[in-house]
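Residue numbers (my numbering): 219 to 515.
Beta carbons are placed, not taken as given, at the ideal position from N, Cα and C, and that holds for glycine.
A quick write-up on the structure given underneath.
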């Protein structure tokens with residue numbers, strides 16, 4: 219086991235576009251994590267294609283969110299004003315998805331073995347300018363890769379002396395040959411908030427299918443199976459009370475940045491989250507970890 223960043227055998231620091239990243243080239247798998255946003259854009263066992271969808275128009279620029287992979291939404295999810303009151307009051311902004319995805323995280327640790335690689339990144343909200351000063355929080359992202367699965371842990375620690383509330387999501391983009399022939403199983407008999415229909419609460423009766431723009435907040439976490447024409451991916455979670463399912467559909471796709479008009483047909487998002495109406499409340503000194511594990515069936 220290697221623990222020194224300078225002695226790493228399978229990882230290297232690279233620059234892609236304007237951004238620094240950690241590239242993993244292990245005999246059994248490969249991965250790429252950008253320091254801006256602690257953003258995983260690639261994971262694949264050797265011989266496989268990327269398990270994550272990346273926009274062909276993705277920009278790798280300072281202070282600009284990367285389209286695709288697994289963006290980190292923290293310390294709030296979605297429109298801050300649509301968050302539970304304690305989170306919205308602290309955010310005091312119309313900025314979407316928090317600030318973690320556009321700030322540079324610090325590389326904390328690299329551990330390697332013949333079977334796996336673990337990489338940890340840190341972000342202190344106090345180092346994120348005026349917008350971060352309202353959040354006495356520190357985040358740690360831990361990535362564990364091997365030939366069978368990709369595990370991600372987002373741990374949030376309250377560094378202050380009073381309670382703090384926040385929401386979050388690991389906004390995973392999955393590739394598909396055809397979203398209209400893709401579906402999710404495992405969310406049957408789960409209530410969801412349909413944000414496209416006046417935030418109504420609806421009970422899911424069967425598989426989740428995509429027939430146009432989709433934006434739903436299901437009221438539980440995994441396990442979930444993502445069925446596409448070529449693969450079945452298993453999502454397992456811990457510490458997650460919500461699952462967000464999203465596809466922009468044809469009309470919204472035309473309005474999105476860094477997103478080709480027809481790309482909605484080749485992707486779907488299943489987000490491991492704590493989002494409306496759920497939120498996490500941390501007392502002083504407390505921590506919470508949300509865990510995501512991806513594997514192929």
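What do you get for residue i, buried or exposed, if any count of 16 or more other CB atoms within 10 angstroms of its CB means buried?
i           : result
residue 515 : exposed
residue 315 : buried
residue 436 : buried
residue 381 : exposed
residue 289 : buried
residue 528 : The displayed coordinates of the chain run from 219 to 515. Any statement about residue 528 would go beyond what the structure contains.
residue 242 : buried
residue 510 : buried
residue 417 : exposed
residue 281 : exposed
residue 483 : buried
residue 421 : exposed
From the DSSP secondary-structure annotation, give me the bridge partner or partners of residue i.
i           : result
residue 385 : DSSP output for residue 385 lists no bridge partner at all.
residue 258 : 251 and 288
residue 491 : 387 and 460
residue 263 : 247
residue 229 : 242
residue 419 : 411
residue 506 : 374
residue 426 : 402
Does the separation of the CB atoms of residue i and residue j fall below 9 Å?
i           : j           : result
residue 317 : residue 244 : no
residue 402 : residue 426 : yes
residue 479 : residue 495 : no
residue 463 : residue 443 : no
residue 271 : residue 408 : no
residue 390 : residue 488 : yes
residue 260 : residue 296 : no
residue 355 : residue 500 : yes
residue 505 : residue 345 : no
residue 330 : residue 227 : yes
residue 406 : residue 423 : yes
residue 308 : residue 383 : yes
residue 342 : residue 278 : no
residue 253 : residue 311 : no
residue 368 : residue 239 : no
residue 291 : residue 319 : yes
residue 347 : residue 404 : no
residue 298 : residue 255 : no
residue 414 : residue 452 : no
Just tell me which of the options has its CA closest to the CA of residue i.
i           : options               : result
residue 385 : 242, 249 and 508      : 508
residue 454 : 421, 491 and 424      : 491
residue 523 : 400, 408 and 482      : The shown model of the chain, from 219 to 515, leaves out residue 523, and the question about it has no answer.
residue 350 : 395, 321 and 512      : 321
residue 419 : 434, 247 and 430      : 434
residue 338 : 357, 332 and 352      : 357
residue 373 : 498, 234 and 274      : 498
residue 303 : 451, 450, 493 and 503 : 493
residue 475 : 450, 411 and 275      : 275
residue 273 : 340, 411, 471 and 413 : 471
Can you find a C-beta in chain D that's less than 9 Å from the C-beta of residue i?
i           : result
residue 421 : Of the protein chains in this structure there is only one, and it is not chain D.
Ignoring anything shorter than 3 residues, give me the beta strand (DSSP E) runs that lie fully in the stretch 446–488, in order along the chain. 450–456 and 460–465
In chain order, which continuous runs of the beta strand (DSSP E) of length 3 or greater are located wholly inside the stretch 308–382? 324–330, 335–342, 355–363 and 367–376
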